[in-house]
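Visitor: Input: one structure, supplied below.
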Amino acid sequence: MSAPLDEASTWLVTADQPIREVDGLDFERCAHLHNAILRHAWLASRGTLDGFAEQTQTYWERYGDRFSEDVDALHPSMVAYLKHALAHPFNAKGTAFFIHLRDIWGPPGCFEYAPNDSDDEGDHATNEEEKRFIVLYCSDTEFGSHWLGLIYDQTKHVAMMKWQIVGPLNAHRGRKLEVILTRYIELIKRDKIIALPANVSRGERWRGYDDTSTESDIVPRDPRTNARRTTENLDPWTCASYCAADVTETVEIWNEYVRQVEFMRTFRRRKEPPRPSVYTEETLELSGIPHGFAYEFLKSAIRPNFKYMLPGLWLLPPKAFANQPWKDMTEKNNSLYRPRDEWDTPWGEEGDIFPIQLLTNGRSHEPENKYHWCLWRYSEEKPPVPQGLYFDYCSPSRNLAFETNCVFELDKDSAWKGLGGPGNIYSDTKMSLAQFRDEDDFDFAEYRNLELKCILKYALSMVVRGRWGVTEDGVEYRPGDRADRETPLTYMDAGNVA
23 MSAPLDEAST WLVTADQPIR EVDGLDFERC AHLHNAILRH AWLASRGTLD GFAEQTQTYW
83 ERYGDRFSED VDALHPSMVA YLKHALAHPF NAKGTAFFIH LRDIWGPPGC FEYAPNDSDD
143 EGDHATNEEE KRFIVLYCSD TEFGSHWLGL IYDQTKHVAM MKWQIVGPLN AHRGRKLEVI
203 LTRYIELIKR DKIIALPANV SRGERWRGYD DTSTESDIVP RDPRTNARRT TENLDPWTCA
263 SYCAADVTET VEIWNEYVRQ VEFMRTFRRR KEPPRPSVYT EETLELSGIP HGFAYEFLKS
323 AIRPNFKYML PGLWLLPPKA FANQPWKDMT EKNNSLYRPR DEWDTPWGEE GDIFPIQLLT
383 NGRSHEPENK YHWCLWRYSE EKPPVPQGLY FDYCSPSRNL AFETNCVFEL DKDSAWKGLG
443 GPGNIYSDTK MSLAQFRDED DFDFAEYRNL ELKCILKYAL SMVVRGRWGV TEDGVEYRPG
503 DRADRETPLT YMDAGNVA
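And the structure:
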């Protein structure tokens, strides 16, 4: 994979290498992980580690004089970390430590944020608070005009991502810095976050005044992963909209869920011959969906032999799937579905993936919200929206795009029959990733919908626990007490399958 990352394997947090009990920050472990990420980025970008040692210093060696008046505000273990962690070696505009973090942030900026749980905005730190919370890694304007970064709590010795300076800090969501850095390395190893060679440029784009939007015929891509550069501000990093591991893991949990439901219908497990996939490749080609995550998943996962995959929702029949409701959105002359921006010109990028419907309840409705996820910035005439579960809109050419995300599109009555109450899984509301926890949670995207595999994990847990029933027709909702009905889907639920 990468020599720097392989060499750091003994410092990763794993079941066999748990968190160590130390006074404060485990600076030695964190510095090794931090430095491994920097070396990997250099090697991937330049093809060699030549020159790395000559152009790098520890953060304290390069910027330690900035702390002359504030060193007492730092915990001794934090000072030790800054004396072992390397400063960013690229030393050029547009480079970054990781896909969403620019670099370690020194004074005065690192001391200028204090959490304020009673207000909607952060304030300048008090003398007491500035000794507790520091901005250890700064973010970038790529993520908003009031960006912040990775906050470190010098009392509890945990870190948490805060994307914007406004809003309260969820300090109870913090994790050990070595856990976060381990997760970053895991994302690199699974080719979700990729350090690109320097010769992979973003590619040229032109936007005309005659309702045209094109880009160069050949978009430069990484020869190893086929990844493209999505921003010039976070070199050398890019985020793949999906990776092979995403497909494999989602297929596995889908198949496990299907077989569990089938077992609970008959209470017999038996060897089975090879089964057909959810849809044939012929159906997938007719649907017009691109060869991406949804395509690879649907041609690999097994087709259930029952109707209801989730309460009140079933798979689209092959003929209906081939005639996707948003199939013609990208056709240039179809004014009904053309996305428009505030100047009434075409909106979007070439290669955008429009919503792909997977499950249905057989009905459509007209959403009241003009900023609806499917109809946002569209023409005045809006078609009824078929209800069900969709793979969310995705623009792979943009930074932090996720083909794995799903969204429920259901009216309030259907939502209540599914789980009930605000915040249930049958909701088209964007959820902040920072509010949920499981092994796939990484402080990496401020707002994103749930991944399909998380929904499937949750569904499996509901079936196994008996909170959803199983009949000959498949999964059904069994109303329980009020607490059961109003329990929202969380990543913690999804990760704790019985």
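Using the working numbering, the first residue of the sequence shown is number 23, and each one after it goes up by one. Idealized CB from N, CA, C, for every residue including glycine.
1. Tell me whether the segment 103–113 and the segment 74–84 touch, counting them as touching only if at least three CB pairs, one residue from each stretch, are closer than 8 Å.
2. Based on Cα-Cα distance, which residue from PHE119, GLU91, THR78, ARG124 lies nearest to LYS105?
3. Three Cβ pairs or more, each shorter than 8 Å: is that satisfied between the segment 280–299 and the segment 247–254?
4. Name, in chain order, the residues that DSSP records as bridge partners for ARG243.
5. Restricting to Cα atoms, I'd like to know which of TRP348, ASP374, THR305, THR36 is closest to LYS341.
6. By Cβ distance below 8 Å, which residues in the same chain neighbour TRP259 in space, the five residues on each side in sequence not counted?
7. Within 10 angstroms of its Cβ, does HIS97 collect 16 or more other Cβ (buried), or is it exposed?
8. Should LYS329 be labelled buried (16 or more other beta-carbon atoms within 10 Å of its own) or exposed?
9. Pop quiz: PHE430 and LEU411 are said to be a contact at Cβ under 8 Å. What is the actual Cβ separation, rounded to whole angstroms?
10. Under the assumption that VAL497 contacts PRO333 (Cβ atoms under 8 Å), give the Cβ distance between them as a whole number of angstroms.
11. Skipping 5 residues on each side, what residues in its chain have a beta carbon closer than 7 Å to that of PRO408?
12. Roughly how many whole angstroms lie between the Cα atoms of PRO339 and PRO242?
13. Quick check: is the beta carbon of VAL101 nearer than 8 Å to any beta carbon in chain E?
14. Suppose the cutoff is 8 Å on Cβ atoms and the five residues either side in sequence are ignored; what does the same chain contact list for GLU494 look like?
15. Given 8 Å as the limit, is there contact between the segment 476–492 and the segment 305–325, that is, 3 or more CB pairs closer than that?
16. Residue range of the alpha helix (DSSP H) that GLU50 falls in?
17. Would you grab the beta carbon distance between ILE126 and LEU158 for me? Rounded to a whole angstrom, and I think it's under 8 Å.
18. With 16 other CB atoms within 10 Å as the buried threshold, where does LYS198 fall?
19. Indicate whether CYS160 and ARG124 have their beta-carbon atoms separated by less than 8 Å.
20. Considering Cα atoms alone, identify which of GLY491, ARG489, PHE413 is closest to ASN527.
21. Quick check on GLU284: buried or exposed, where buried means 16 or more other Cβ atoms within 10 Å of its Cβ?
22. Measure the C-alpha to C-alpha separation of ASN57 and PHE133 and round it to an integer number of angstroms.
Guide: Well, looking at it:
1. yes
2. THR78
3. no
4. The partner list for ARG243 (beta bridge, DSSP) reads ARG250.
5. THR305
6. Excluding residues within five positions, the ones whose Cβ falls inside 8 Å are ALA63, ALA118, PHE120, ILE121, ILE215, ILE216, ALA217, LEU218.
7. buried
8. exposed
9. 6 Å
10. 6 Å
11. Answer for PRO408: PRO347, GLN379, THR382, SER386, listed in chain order.
12. 38 Å
13. You won't find chain E in this structure, because it holds only one protein chain.
14. ARG287, PHE328
15. no
16. 49–68
17. 6 Å
18. buried
19. yes
20. Residue coverage of the chain in this structure runs from 23 to 520, which leaves residue 527 outside it and unanswerable.
21. buried
22. 24 Å
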